[in-house]
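Residue numbers (the UniProt record's numbering): 1 to 246.
Don't be surprised by glycine CBs; every beta carbon is placed ideally from N, CA and C.
Read the structure below first, then the notes.
Have a look at this one:
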């Protein structure tokens, strides 16, 4: 693979993704600007939240309007490849302590100790640049910063960073990170998320997967919503998520 191909997950040839790219006029930008436009869209306009599955197609993530590390990464990779920019997948696990606070206490006890995690690597100026800082939307991150104003090194509430008040989350041609401090296992790079999930599976299966899809994630999204509201700015992710549990 040349890291530009579509896959069932990286489905940038779908009408919705092509329409977004054309509507925003991103193809006319320089390589640096195209990366920044796709990155900022996923970071700023796709809220942090929990989708039905890690392996959700990028077009479905776009339709949901929210996502977490793996699903927002699916969309970012699709946008980058749709803009003729090489992108690949890097798989990890994170310790569940990074999620403490972002999910209900009763559900935290049921979570696996190690949770599948990923970031996107983009090929820019002859090197692969890790991009992870797109996971948390600005309103959610602002709420954490306001809640923990004196905190620098921080791990929890879906953030793992050496400096919560000034995390490296903006595209400047360099790596961006927001959960790296919680990483435990490094599974290396893969051509696509499809290849990774074919080998490693997703975080849940069977009855637990169904419970997550229909019950647990809605409770998690309700918790995320309450945190975001504290910043005074939130959009519609959980209004659309009609199964949310308060």
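Which residue marks the beginning of the alpha helix (DSSP H) containing residue i, and which one marks its end?
i: residue 223; result: 217–229
i: residue 122; result: Premise fails: residue 122 lies in the beta strand (DSSP E), 114–124, not in any alpha helix (DSSP H).
i: residue 34; result: 31–40
i: residue 105; result: 105–108
i: residue 80; result: 69–82
i: residue 64; result: 58–64
How should residue i be labelled, buried or exposed, when 16 other C-beta atoms within 10 angstroms of its C-beta is the threshold for buried?
i: residue 193; result: buried
i: residue 34; result: buried
i: residue 72; result: buried
i: residue 105; result: exposed
i: residue 174; result: exposed
i: residue 76; result: buried
i: residue 125; result: exposed
i: residue 221; result: buried
i: residue 113; result: exposed
i: residue 23; result: exposed
i: residue 98; result: buried
i: residue 84; result: exposed
i: residue 170; result: exposed
i: residue 28; result: exposed
i: residue 11; result: buried
Between the options, which has its C-alpha nearest residue i's C-alpha?
i: residue 188; options: 130, 140 and 228; result: 130
i: residue 150; options: 74, 139 and 162; result: 162
i: residue 7; options: 95, 107, 198 and 51; result: 198
i: residue 39; options: 142, 117 and 69; result: 69
i: residue 223; options: 145, 142 and 102; result: 102
i: residue 78; options: 58, 90, 201 and 95; result: 58
i: residue 200; options: 74, 116, 61 and 22; result: 116
i: residue 66; options: 84, 41, 87 and 86; result: 41
i: residue 82; options: 18, 172, 29 and 148; result: 18
i: residue 9; options: 54, 32, 20 and 27; result: 54
i: residue 135; options: 95, 74, 128 and 122; result: 74
i: residue 122; options: 100, 31 and 27; result: 31
i: residue 110; options: 20, 148 and 211; result: 211
i: residue 2; options: 230, 87, 107 and 127; result: 87
i: residue 37; options: 21, 47 and 52; result: 21
i: residue 157; options: 80, 172, 48 and 128; result: 48
Where do the ends of the beta strand (DSSP E) carrying residue i lie?
i: residue 159; result: 159–161
i: residue 46; result: Looking at the DSSP string, residue 46 is not in any beta strand (DSSP E), and its letter there is neither H nor E.
i: residue 10; result: Element bounds for residue 10: n/a, residue is neither H nor E.
i: residue 135; result: Looking at the DSSP string, residue 135 is not in any beta strand (DSSP E), and its letter there is neither H nor E.
i: residue 90; result: 87–95
Whose C-beta lies closer than 7 Å to the C-beta of residue i among residues of the same chain, with five residues either side of it excluded?
i: residue 13; result: 6
i: residue 145; result: 164 and 165
i: residue 181; result: 155, 160, 161 and 162
i: residue 44; result: 137 and 138
i: residue 148; result: 154 and 164
Counting only the same chain and skipping the five closest in sequence on each side, list residues whose C-beta sits under 8 Å from that of residue i.
i: residue 152; result: 162, 163, 164 and 165
i: residue 167; result: 133, 141, 159, 161, 177 and 178
i: residue 196; result: 89, 91, 118, 187 and 190
i: residue 63; result: 16
Leaving aside the five residues before and after residue i along the sequence, list all residues of the same chain whose C-beta is less than 6 Å from its C-beta, in chain order.
i: residue 186; result: 92
i: residue 56; result: 71
i: residue 217; result: 50
i: residue 227; result: 143
i: residue 234; result: In this prediction, residue 234 has a pLDDT of 47, which is less than 50 and means its spatial position is unreliable; what the coordinates show is noted afterwards. Here the set comprises 139 and 228.
i: residue 95; result: 182 and 184
i: residue 61; result: 67, 71, 74 and 75
Please list the segments of the beta strand (DSSP E) lying wholly inside the segment 147–197, counting only runs of 3 or more residues, in order along the chain. 154–156, 159–161 and 183–190
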